[in-house]
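Colleague:
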Amino acid sequence: MTRERLEDFSLLKDYLKKYNIQDNIKNKLFLENLKAIHKSYFSLLTWSGEIKFSEGLFKYKSIEISKEINELILESFSDIGSSIFNWTYGGYKTSRVMLRSAIENFIRAISGIEKKEQLQEKNIYSLFDGAATLIIFKSSEEVKASFKQLHSDYKELCRDVHSALPENMEKISTLSDLPKFDAEKSKKCCEIICRVTKNILILLCLIFFNFFHSMHHRNKENILISLPKKIKPFINGMNEI
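Okay, so the sequence shown: first residue is 94 according to this note's numbering, each after it adds one.
Laid out in structure tokens, this is it:
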């Protein structure tokens with residue numbers, strides 16, 4: 094190890110020891126965005142807990158959810174958590190890439206309930222085209238709308254990976270550029286995180302209607318609080334799709 098590299102490695106260790114996001118937390122705009130994200134994410138964590146401890150009750154109609162699909166759904170939740178963590182320190186591009194992964198895993202999992210081949214589909218265009226033809230994503234106008242919005246958001250998030258424009262670039266030259274806060278990027282990233290999370294919540298509540306209504310009333314309340322008012326009557330009053 095050269096002297097210069099040794100010195101820089103020492104600086105890296107010091108940087109990591111002192112790393113914190115206190116300046117972001119002191120920022121009013123950051124906290125407003127964080128509060129919005131936490132609201133929908135807490136609802137998602139409630140779903141996660143219910144699925145993990147469902148003891149075989151997590152079903153689509155009478156179809157038991159396989160271990161593979163169960164793990165994919167939970168992985169999509171994990172991706173959203175990673176997306177939020179990256180957002181907190183200003184890693185907006187990484188946050189959006191993880192959100193893209195969350196959508197893909199969720200659509201793959203849910204469509205795999207009806208068509209197992211979807212679980213192995215390598216072509217993403219074919220994955221979404223195939224999902225759009227399935228009854229599970231066409232069962233009501235509300236389900237179709239949430240699926241369509243997730244697909245639209247997925248295509249938007251792909252810009253961070255393919256043909257990135259200047260606004261999609263992070264331009265981090267050294268690790269010491271982080272943490273950071275960019276008001277515009279933070280807000281835009283917050284909006285799409287919340288939108289994706291809410292549409293996943295809507296689909297979970299509508300597709301797994303009976304399971305949702307088997308939850309403890311406090312858990313149902315903690316989920317419904319994140320959803321738009323216009324969708325709540327369908328979740329509270331409809332039969333399972």
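Idealized CB from N, CA, C, for every residue including glycine.
What residue does the alpha helix (DSSP H) around residue 282 start on, and which one ends it?
Modeller: 276-300 is the span of the alpha helix (DSSP H), which, as asked, contains residue 282.
Colleague: How far does the alpha helix (DSSP H) with residue 187 in it reach, from first residue to last?
Modeller: It spans 185-207 - the alpha helix (DSSP H) in which residue 187 sits, taken as one unbroken run.
Colleague: With 8 angstroms set as the bound, which would you pick, yes or no: does the beta-carbon of residue 285 sit closer than that to a beta-carbon of chain D?
Modeller: As a matter of chain content, chain D is missing from the structure shown, which is built from one protein chain.
Colleague: Does the beta-carbon distance from residue 228 to residue 204 come in below 8 angstroms?
Modeller: Cβ atoms of residue 228 and residue 204: not closer than 8 angstroms.
Colleague: What three-state label does DSSP hand residue 265 in the structure shown?
Modeller: If DSSP states are grouped into helix, strand and coil, residue 265 belongs with coil.
Colleague: Who are the near neighbours of residue 190 in its chain, counting only those whose CB is closer than 7 angstroms to its CB and skipping five residues on each side?
Modeller: Answer for residue 190: 253 and 254, listed in chain order.
Colleague: In this structure, does DSSP put residue 153 in helix, strand or coil?
Modeller: In this structure, residue 153 counts as strand in the three-state DSSP scheme.
Colleague: In this structure, does DSSP put residue 236 in helix, strand or coil?
Modeller: Helix, per DSSP.
Colleague: If you reduce the DSSP assignment to three classes, tell me which class residue 242 lands in.
Modeller: Helix, per DSSP.
Colleague: In or out: residue 291 buried (at least 16 other Cβ within 10 Å) or exposed?
Modeller: Residue 291 comes out buried.
Colleague: Is residue 106 helix, strand or coil by DSSP?
Modeller: Of the three classes helix, strand and coil, the one that applies to residue 106 here is helix, per DSSP.
Colleague: Under a three-way DSSP split, which group does residue 159 fall into?
Modeller: Coil, per DSSP.
Colleague: When DSSP labels each residue in this structure, what does residue 226 get in the three-state scheme?
Modeller: In this structure, residue 226 counts as coil in the three-state DSSP scheme.
Colleague: Which term fits residue 318, buried or exposed, when burial requires 16 or more other beta carbons within 10 angstroms of its beta carbon?
Modeller: With fewer than 16 Cβ atoms within 10 Å of its Cβ, residue 318 is classed as exposed.
Colleague: Select from 270, 265, 218 and 271 the residue whose C-alpha is nearest the C-alpha of residue 248.
Modeller: When each option's Cα is compared against that of residue 248, the closest is 218.
Colleague: According to the neighbour-count rule (16 or more other Cβ atoms, all chains shown, within 10 Å of its Cβ), is residue 94 buried or exposed?
Modeller: Classification for residue 94: exposed.
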